[in-house]
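To start, the structure under review is shown below, and the notes come after it.
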Amino acid sequence: MHLSVRVEGTRLGHMAIFQCPIGFYVSGEANLTCQASGKWSSPVPKCELVKCPSLDTPEGLSEPHLHLEEHNNSYGGRAVFGCAWGYRLQGPPGIECELNGNWSGPLPKCVPIQCPPPVLPVNGHLIQSEAPGMDGGRYAVGSLVQFACEGAYKLEGEASIICTEMGVWSHPPPFCKPRCSYVGEPKNGFVSPTKFAYDPGDELEVICSPGFVTEIEERIRCIPDGKWSAALPECLDASISNSSNSTEV
Numbered sequence: 001m002h003l004s005v006r007v008e009g010t011r012l013g014h015m016a017i018f019q020c021p022i023g024f025y026v027s028g029e030a031n032l033t034c035q036a037s038g039k040w041s042s043p044v045p046k047c048e049l050v051k052c053p054s055l056d057t058p059e060g061l062s063e064p065h066l067h068l069e070e071h072n073n074s075y076g077g078r079a080v081f082g083c084a085w086g087y088r089l090q091g092p093p094g095i096e097c098e099l100n101g102n103w104s105g106p107l108p109k110c111v112p113i114q115c116p117p118p119v120l121p122v123n124g125h126l127i128q129s130e131a132p133g134m135d136g137g138r139y140a141v142g143s144l145v146q147f148a149c150e151g152a153y154k155l156e157g158e159a160s161i162i163c164t165e166m167g168v169w170s171h172p173p174p175f176c177k178p179r180c181s182y183v184g185e186p187k188n189g190f191v192s193p194t195k196f197a198y199d200p201g202d203e204l205e206v207i208c209s210p211g212f213v214t215e216i217e218e219r220i221r222c223i224p225d226g227k228w229s230a231a232l233p234e235c236l237d238a239s240i241s242n243s244s245n246s247t248e249v
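Note that full-length UniProt numbering numbers the sequence shown so that position 107 is 107, with each residue one more than the last.
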């Protein structure tokens, strides 16, 4: 099958020359000679399909995270590769079997997909880092990091981000928004509302105990830079305050 022959003749010394089509090779002697015995010098050869070394064996793929997605090691066939989860190909995704019985190039490698260290927000820090296979400050796929803000700062954005198969984080890093700290209660009074921290725009009212008053505006406001608009008003004895005011009049 597929074998073609050109015969010079059938006398002593004449030759029969065999050939195979592209993609096949002559298995046996390609040139036979008519001998004095009346027989040809060798058996008629065969056409065998050109094949490259099989990669579909334990020895074929030595890279532990590399696998075959397609495999045809006949001439003109190709091998297509993929990597295990968390890895990406480094090198050509496929190679072809060439006429000389060799693959068109070396096998690719599988390298870990990693994300760069996340950007820490100003006035923030990491509170948890689950990083499988973290290497040199870089994070493997599936790594989870969580952020928190210092003191009274408020976290804006995603508190947790994950390293994705694209080698990028699932969300941009958050930032820490300034907030005003709780200022405590004035002597002879209290503040309302009472919270650990206050957002810009929040107001704090000083409410004095019976018999005590404030001489200035009793409300202060949290401004965008995380500071209060004024010092906390004091609660003064009402009789002393009124006496002072009467004297001034």
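Beta carbons are placed, not taken as given, at the ideal position from N, Cα and C, and that holds for glycine. Since the structure is predicted, the reported quantities are computational estimates derived from the model, not experimental observations.
Limits of the beta strand (DSSP E) - the one that residue 19 falls within | 15 to 19
Can you tell me which of 159, 114, 173 and 17 puts its alpha carbon nearest to the alpha carbon of residue 138?
-> 114
Own chain residues within Cβ distance below 7 Å of residue 21, not counting five before or after | 2.
Extent of the continuous beta strand (DSSP E) to which residue 79 belongs | 78 to 83
For residue 24, which residues from the same chain have a beta carbon less than 7 Å from its beta carbon, with the 5 sequence-adjacent residues on both sides left out?
-> 2, 47, 48, 49 and 50
By DSSP, does residue 247 sit in helix, in strand, or in coil?
-> Here residue 247 scores only 45 on pLDDT, less than 50, and its place in the model is too uncertain to base an answer on.
Helix, strand or coil at residue 231 according to DSSP, with G and I counted as helix | Coil at residue 231, not helix or strand.
Same chain only: Cβ atoms within 7 Å of residue 190, ignoring 5 sequence neighbours per side | 207
Starting from residue 112, trace the beta strand (DSSP E) both ways and give me its first and last residue.
-> 109 to 112
Residue 103 versus residue 65: straight-line alpha-carbon distance, rounded | Each residue's Cα considered, the two are about 20 Å apart.
Three-pair Cβ contact test at 8 Å for the region 141 to 158 versus the region 175 to 186 = yes
What number of angstroms, rounded off, separates the C-alpha of residue 154 from the C-alpha of residue 203?
-> C-alpha separation (whole angstroms): 17 Å.
Tell me whether residue 22 sits in a helix, a strand or coil according to DSSP, three-state version.
-> coil
Please classify residue 246: is it buried, with 16 or more other beta-carbons within 10 angstroms of its beta-carbon, or exposed?
-> At residue 246, the pLDDT of 45 sits below 50, so the modelled position is not reliable; the number obtained from the coordinates is stated separately. Its Cβ having fewer than 16 others within 10 Å, residue 246 is exposed.
Stretch-stretch touch, CB-based, cutoff 8 Å, three pairs: the region 84 to 104 with the region 116 to 124 = no
Over the uninterrupted beta strand (DSSP E) stretch that includes residue 71, give me the two end residues.
-> Element bounds for residue 71: 66 to 71.
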